[in-house]
Structure formats: structure tokens, C-alpha cells
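Novice: Below: one structure in C-alpha cells.
2 protein chains.
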Amino acid sequence: MFSKACEYGIRATIYIAMQSLEKNRVNLKEIAAAIDSPVAFTAKILQKLVKNDIVESVKGAHGGFQIDRVHIDSIKLNQIVSAIDGDKIFKGCALGLHHCNESLPCPVHFKFKEIRDNLEQMTKETSIYELATGLEVGLTFLKR
Amino acid sequence: MFSKACEYGIRATIYIAMQSLEKNRVNLKEIAAAIDSPVAFTAKILQKLVKNDIVESVKGAHGGFQIDRVHIDSIKLNQIVSAIDGDKIFKGCALGLHHCNESLPCPVHFKFKEIRDNLEQMTKETSIYELATGLEVGLTFLKR
DNA sequence: ATTAAATAGGACAAAATTGTCCTATTAATA
DNA sequence: TATTAATAGGACAATTTTGTCCTATTTAAT
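Residue numbers (the working numbering), protein chains in the order written: chain A, 97 to 240; chain B, 97 to 240.
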């Protein structure tokens with residue numbers, strides 16, 4: 097469904113949010129350890145998240161990654177997906193046809209439109225706050 | 097959502113079904129032309145579909161691919177997806193976690209379970225017949 | 001029997017994704 | 001000011017996916 101990069105990106109963002117809620121800024125190594133991801137690859141993904149204003153980075157000693165308390169509520173899952181994988185999963189044709197649309201649909205167009213719309217709506221409604229707090233309470237996990 | 101191979105596989109199967117409904121057996125070149133896919137790559141995908149009893153192949157001159165009239169009703173979309181991409185899309189964790197399940201879920205588990213279940217159910221309910229006849233009537237298309 | 005047209009399948013090639021390594025830059029602190 | 005710890009980013013490497021090419025095998029028709 098999502099690329100590996102996107103999976104890591106979502107996990108990393110949730111972890112950073114969780115730590116930010118506790119007022120902790122976290123660095124790359126800690127993030128990679130927490131979500132069990134390759135360090136250098138995770139660094140690339142974090143760069144992309146920073147450029148897309150999803151997480152904030154602080155350079156230099158005592159630097160790391162964080163998310164503003166206010167921002168944690170407003171970041172939704174779909175923003176991370178779009179930033180890393182683009183919106184093909186929300187908008188693209190299930191059969192890979194470029195010219196597929198409502199008026200000239202591929203054979204599965206309407207059936208898949210429903211699924212994709214549900215996916216998009218769900219990710220648009222799901223805030224990082226919600227995901228991070230589930231973690232805090234120990235109801236969910238991010239590793240393995 | 098699906099791999100390129102899977103997209104081609106679904107398009108090929110629908111085209112073969114449509115032609116089989118008209119009692120035409122079709123060969124590789126014709127299939128690739130009809131669905132606008134790379135010929136040799138399509139050949140590999142068709143091999144997989146044959147091994148999974150989704151389409152039938154006839155070797156030698158006047159050979160080609162076809163699907164039994166009866167079989168056209170019973171083949172469902174999910175079988176093609178599973179044959180080519182496996183069932184990761186139906187069963188796998190959205191964040192790529194191996195040990196994610198109902199009792200120890202990842203933060204997005206329940207939200208995605210709903211989407212994945214809908215996808216699986218929809219593909220299980222969608223027969224190739226249904227897709228092929230939409231095509232016949234000219235309501236849908238398979239190219240570009 | 002020979003030929004021609006088709007699928008089957010192995011080996012290879014190209015492209016995309018995933019992952020690594022090194023250096024530059026930045027900032028805190030001794 | 002020098003050192004240390006951190007992100008930024010470019011170049012490279014490995015792996016997976018996508019795609020090609022060639023040969024063997026099968027079958028119909030001459």
C-alpha cells in the first residue's frame with residue numbers, strides 16, 4: 097500500500113510527536129532505534145518531512161527533531177503520505193491508466209474510487225496527536 | 097496500490113475474458129497491444145496467471161489464451177491480486193510491522209483494517225465477467 | 001516430415017527503490 | 001576558540017521491480 101519510506105516516515109512522525117508531547121526533542125539515532133529503521137535512510141526521509149513542514153529540525157549540538165504542540169493536532173496522516181509517496185494512492189487509477197476518469201472510466205473505476213475516497217478521508221481525519229497518544233498509553237507500538 | 101505487474105495482469109485478464117465471451121482465443125501480441133503493455137513482460141505475467149488457474153493457455157500454432165465461459169463468472173478480482181502481489185495488501189500492516197495484530201496493534205491498525213477489509217471484500221465480490229461485460233458495452237476502457 | 005506460429009522459461013538489462021557513507025554546516029559548551 | 005554533537009545533502013551501493021532477448025517446446029497446416 098505505502099512505500100517503505102512512507103511507512104518509516106509515518107512511524108518516525110508518530111514517535112517524534114509522542115516525544116514532543118513530553119517536551120523531548122529527539123535525535124536521528126534515537127528515532128531510528130525507536131522505530132527499528134535504517135539510520136541513514138531514515139535521515140533522508142526526515143529531510144523530506146522537514147521540507148514539507150511536518151516536523152521541525154534543530155541543527156547542532158542538542159539538536160534533533162520535534163513538532164510544535166499546536167502543530168501536532170493539525171498534522172494529519174494524509175500529509176505524510178502525500179509528502180513521501182505523492183497522491184497516486186488517493187487519486188491514481190487502480191489499473192495504472194492515465195486517462196481514466198469519471199466520464200471515461202476503466203472497468204474498476206467506480207469500485208476503487210470508493211475505496212480510495214475512504215482511505216483519503218480517513219487519513220485526512222486522523223491526526224498525529226491521536227496516533228501519538230494511543231502510543232503513550234501503551235495501547236499501540238511502533239517496532240517490528 | 098498494486099504493482100505494475102498486477103495492473104497489467106488485471107487488464108490482461110479482463111481483455112482475455114472479454115474475447116473469450118466472444119469465443120475468441122487471443123495471443124500474447126494481441127493482448128499486449130490491446131492493453132498497451134510491454135510484450136515480454138506481459139508474457140511473464142500471463143505465465144503466472146496460467147499457473148494460478150486464472151487463464152488457460154494453448155500452445156502451438158493457433159494457440160493463445162482463453163478463459164472457460166463458466167470460469168469467467170467464478171474468477172474474482174482478489175484472485176488475480178493475490179496471485180501476482182500476494183495478500184500483503186489485504187493482510188499486511190500499514191506501517192510494515194511484522195508483529196502487528198488485534199491484540200498488539202500499531203497506531204493505525206484499526207483504521208486501516210477497515211479499509212483493507214473493504215478492499216478485500218470488494219475484490220472478492222467482483223467477478224471478471226462483470227468487468228469484461230462493462231467493456232463490451234463500451235462503457236469502460238483498458239488502454240492508456 | 002517440414003514449416004510456421006504460438007507459449008514456456010531461463011538469462012540478462014534497465015530503472016526504481018531502498019539503503020550506506022562521507023563531508024559540510026550548524027550550534028552548544030567547555 | 002576549539003571541540004563535540006547534531007542535521008543537510010551529495011555520491012554511491014544493493015536490492016527489487018520492471019522489462020528484454022533468446023532458445024526450447026508444442027501444435028496446426030501444408
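Virtual Cβ for every residue (Gly too), placed ideally from N, Cα, C.
Do the region 153 to 165 of chain A and the region 133 to 147 of chain B make contact, defined as three or more Cβ pairs closer than 8 angstroms?
Specialist: Segments in contact, no.
Novice: Tell me the residue span of the alpha helix (DSSP H) that contains B:Ser-178.
Specialist: Taking the first residue of the second sequence as position 1, residue 178 of chain B is located at position 82. Here the alpha helix (DSSP H) through B:Ser-178 covers 173 to 181.
Novice: Would you mind stating whether A:Met-114 and A:Glu-232 have Cβ atoms separated by less than 8 angstroms?
Specialist: Within the first sequence, the letter at position 18 stands for residue 114 of chain A. Within the first sequence, the letter at position 136 stands for residue 232 of chain A. In contact: A:Met-114 and A:Glu-232 (Cβ atoms closer than 8 angstroms).
Novice: Taking the CB atoms as reference points, tell me whether A:Ile-168 and A:Ala-228 lie closer together than 8 angstroms.
Specialist: Residue numbering aside, residue 168 of chain A sits at position 72 when the first sequence is read from its first letter. Residue numbering aside, residue 228 of chain A sits at position 132 when the first sequence is read from its first letter. Yes, they are a contact pair.
Novice: Report yes or no: do three or more beta-carbon pairs, one from the region 208 to 220 of chain B and one from the region 181 to 189 of chain B, lie closer than 8 angstroms?
Specialist: Yes: the two stretches touch, three or more of their Cβ pairs being nearer than 8 angstroms.
Novice: What residues in its chain sit with their C-beta under 8 angstroms from that of B:Asp-181, if we drop five residues either side in the sequence?
Specialist: Indexing the second sequence from 1 puts residue 181 of chain B at position 85. Correct list, in chain order: Phe-98, Ser-99, Ala-101 and Cys-102.
Novice: Using the three-state DSSP reduction, which class does B:Phe-237 fall into: helix, strand or coil?
Specialist: Position 141 of the second sequence, counted from the first residue, corresponds to residue 237 of chain B. Of the three classes helix, strand and coil, the one that applies to B:Phe-237 here is coil, per DSSP.
Novice: Rounded to whole angstroms, what's the CA-CA distance from B:Lys-239 to B:Glu-152? Just pull it up for me.
Specialist: Your numbering for residue 239 of chain B matches position 143 in the second sequence. Your numbering for residue 152 of chain B matches position 56 in the second sequence. If you take the alpha carbons of B:Lys-239 and B:Glu-152, they lie about 23 angstroms apart.
Novice: Give me whichever residues DSSP pairs with B:Ser-223 in a beta bridge.
Specialist: As a first step, residue 223 of chain B must be located in the second sequence, where it is residue number 127. Its beta-bridge partners are B:Lys-172.
Novice: Going by Cα to Cα distance, which pick from B:Glu-118, B:Ala-179, B:Leu-193 and B:Ala-128 is closest to B:Val-146?
Specialist: Translated into positions along the second sequence, residue 146 of chain B becomes position 50. It is B:Ala-179 whose Cα lies nearest to the Cα of B:Val-146.
Novice: When you compare only the Cα positions, how much space is there between B:Ala-157 and B:Arg-121?
Specialist: The sequence position of residue 157 of chain B within the second sequence is 61, counting from 1. The sequence position of residue 121 of chain B within the second sequence is 25, counting from 1. Taking the straight line from one Cα to the other gives about 12 angstroms.
Novice: Counting only C-beta atoms, is A:Asn-197 closer than 8 angstroms to chain B at any point?
Specialist: Taking the first residue of the first sequence as position 1, residue 197 of chain A is located at position 101. With 8 angstroms as the cut-off, A:Asn-197 does not count as an interface residue toward chain B.
Novice: Please classify A:Ala-190 as buried or exposed, where buried requires at least 16 neighbouring CB atoms within 10 angstroms.
Specialist: For this step, residue 190 of chain A is matched to residue 94 along the first sequence. A:Ala-190 comes out buried.
Novice: Shorter than 8 angstroms from the beta carbon of A:Ile-106 to some beta carbon of chain B?
Specialist: If you number the first sequence from 1, residue 106 of chain A lands on position 10. At least one chain B Cβ lies under 8 angstroms of A:Ile-106.
Novice: Who are the near neighbours of B:Ile-150 in its chain, counting only those whose CB is closer than 7 angstroms to its CB and skipping five residues on each side?
Specialist: To locate residue 150 of chain B, count along the second sequence from 1; it is residue 54. Cβ within range, chain order: Thr-109, Ile-171, Gln-175, Ile-176 and Ala-179.
Novice: Nearest to B:Glu-221 by CA position, among A:Lys-125, A:His-194 and A:Lys-207, is which residue?
Specialist: Counting from one through the second sequence, the residue named residue 221 of chain B turns up at place 125. Nearest option by C-alpha distance: A:Lys-207.
Novice: Identify the contact partners of B:Arg-240 in chain A, using a Cβ-Cβ distance below 8 angstroms as the criterion.
Specialist: The sequence position of residue 240 of chain B within the second sequence is 144, counting from 1. Ordered by position in chain A, the residues that pass the 8 angstroms Cβ test against B:Arg-240 are Leu-193, His-194 and His-195.
Novice: Quick one: is B:Ser-199 buried, meaning 16 or more other Cβ sit within 10 Å of its Cβ, or exposed?
Specialist: Residue 199 of chain B sits at position 103 when you count from the first residue of the second sequence. Its Cβ having fewer than 16 others within 10 Å, B:Ser-199 is exposed.
Novice: Between A:Lys-185 and chain B, is the shortest Cβ-Cβ distance under 8 angstroms, so that the two count as touching?
Specialist: Looking up residue 185 of chain A in the first sequence gives position 89. A small correction: the amino acid at residue 185 of chain A is Ile; Lys does not occupy that position in the sequence shown. Yes, A:Ile-185 lies at the interface with chain B (some Cβ there is under 8 angstroms from its Cβ).
Novice: Among the candidates A:Phe-237, A:Cys-202 and A:Ile-127, whose CA atom is the shortest distance from the CA of B:Leu-193?
Specialist: As a working mapping, residue 193 of chain B is identified with position 97 in the second sequence. Of A:Phe-237, A:Cys-202 and A:Ile-127, the residue nearest in Cα terms is A:Phe-237.
Novice: Would you please verify whether the beta carbon of A:Val-204 is less than 8 angstroms from any beta carbon of chain B?
Specialist: By one-based count along the first sequence, residue 204 of chain A stands at place 108. So yes, A:Val-204 belongs to the interface.
Novice: Under 8 angstroms, Cβ to Cβ, is there at least one residue of chain B near A:Gly-230?
Specialist: Locating residue 230 of chain A in the first sequence gives position 134, where the first residue counts as 1. Chain B, which has a Cβ nearer than 8 angstroms to the Cβ of A:Gly-230, makes this yes.
Novice: Can you tell which of B:Glu-226, B:Pro-201 and B:His-205 has its C-alpha closest to the C-alpha of A:Val-204?
Specialist: Counted from its first residue, the first sequence places residue 204 of chain A at position 108. Out of B:Glu-226, B:Pro-201 and B:His-205, B:Glu-226 has the C-alpha closest to the C-alpha of A:Val-204.
Novice: Residues in its own chain within less than 8 angstroms of B:Leu-124 by CB, not counting five upstream and five downstream?
Specialist: Here residue 124 of chain B is taken as the residue at index 28 of the second sequence, counted from 1. So the qualifying residues of the chain are Val-135, Thr-138, Ala-139, Leu-142, Gly-160 and Phe-161.
Novice: Give the secondary structure of A:Phe-186 by DSSP, where H, G and I count as helix, E and B as strand, and everything else as coil.
Specialist: The residue given as residue 186 of chain A occupies position 90 in the first sequence. DSSP places A:Phe-186 in helix when its eight states are reduced to three.
Novice: Please classify A:Gly-230 as buried or exposed, where buried requires at least 16 neighbouring CB atoms within 10 angstroms.
Specialist: As a working note, residue 230 of chain A is residue 134 in the first sequence. It counts as buried.
Novice: Ignore the nearest five residues each way along the sequence and tell me which others in B:Leu-173's own chain have a CB closer than 6 angstroms to its CB.
Specialist: As a first step, residue 173 of chain B is located in the second sequence; it is residue number 77 there, counting from the start. Closer than 6 angstroms at the Cβ level, and outside the excluded window around B:Leu-173, lie Thr-219 and Thr-222.
Novice: Buried or exposed: A:Gly-105, going by 16 or more other Cβ atoms within 10 Å of its Cβ?
Specialist: One-based indexing of the first sequence puts residue 105 of chain A at position 9. When all chains shown are included, A:Gly-105 counts as buried.
Novice: Are A:Ile-211 and B:Ile-211 closer than 8 angstroms when you measure CB to CB?
Specialist: Here the question's residue 211 of chain A lines up with position 115 in the first sequence. Here the question's residue 211 of chain B lines up with position 115 in the second sequence. Result yes, Cβ atoms of A:Ile-211 and B:Ile-211 sit closer than 8 angstroms.
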